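Novice: Residue numbers (our numbering): -4 to 132.
Every residue, glycine too, gets a C-beta built ideally from N, C-alpha and C.
Note that the structure is a prediction, hence the values are computed from the model and not measured.
Quick look at the structure:
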């Protein structure tokens, strides 16, 4: 059995701030990628576990996660191609995210949500009964 326990992770705004500062200090240094790889997982999980009241209703507008998953990589590749790789990292990330989010929102409202509304018209699979399934010998 695993001894992993997420309650043992220290969620500290001080540690998160220190990691952001480290990224900013090394932003124009050759060591930036190393610092980024070490700090990004913690920062991502730290932000994800925060309970921010203003963001609590974010999902009410729709579930854009699948659209972001589908569109992010192709859009990043297009932006990289069109900019000949000359766009600095932060503008590249901002433009990629905004464009991907716009595509995800359109996809949700024009394709995903209407398709999910049609789901009720599909035949439902038979309910599973509890117990041991019969096997043939």
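#1: Under three-state DSSP, which class holds residue 45?
#2: Taking the Cβ atom as the reference point for each residue, do residue 62 and residue 100 lie within a distance shorter than 9 angstroms?
#3: So residue 74 and residue 91 are in contact, right, with Cβ under 8 angstroms, and what is the actual spacing, rounded?
#4: Please report the straight-line C-alpha distance between residue 22 and residue 13, rounded to a whole angstrom.
#5: Would residue 30 pass as a contact of residue 11 if the rule is Cβ separation under 9 angstroms?
#6: Should residue 103 and residue 44 be called a contact, given that it needs their Cβ atoms to be closer than 9 angstroms?
#7: Quick one: using the 10 Å Cβ neighbour count with 16 as the cut-off for buried, is residue 106 buried or exposed?
#8: What residues in its chain sit with their C-beta under 7 angstroms from that of residue 98, if we drop five residues either side in the sequence?
#9: With H, G and I counted as helix, E and B as strand and the rest as coil, what does DSSP make of residue 105?
#10: What residue from 124, 58, 68, 27 has the CA that sits closest to residue 95's CA?
#11: Comparing C-alpha positions only, which one of 72, 3, 15, 78 sits nearest to residue 35?
Specialist: According to the data block:
#1: coil
#2: yes
#3: 6 angstroms
#4: 14 angstroms
#5: no
#6: no
#7: exposed
#8: 62, 66, 70
#9: helix
#10: 68
#11: 15
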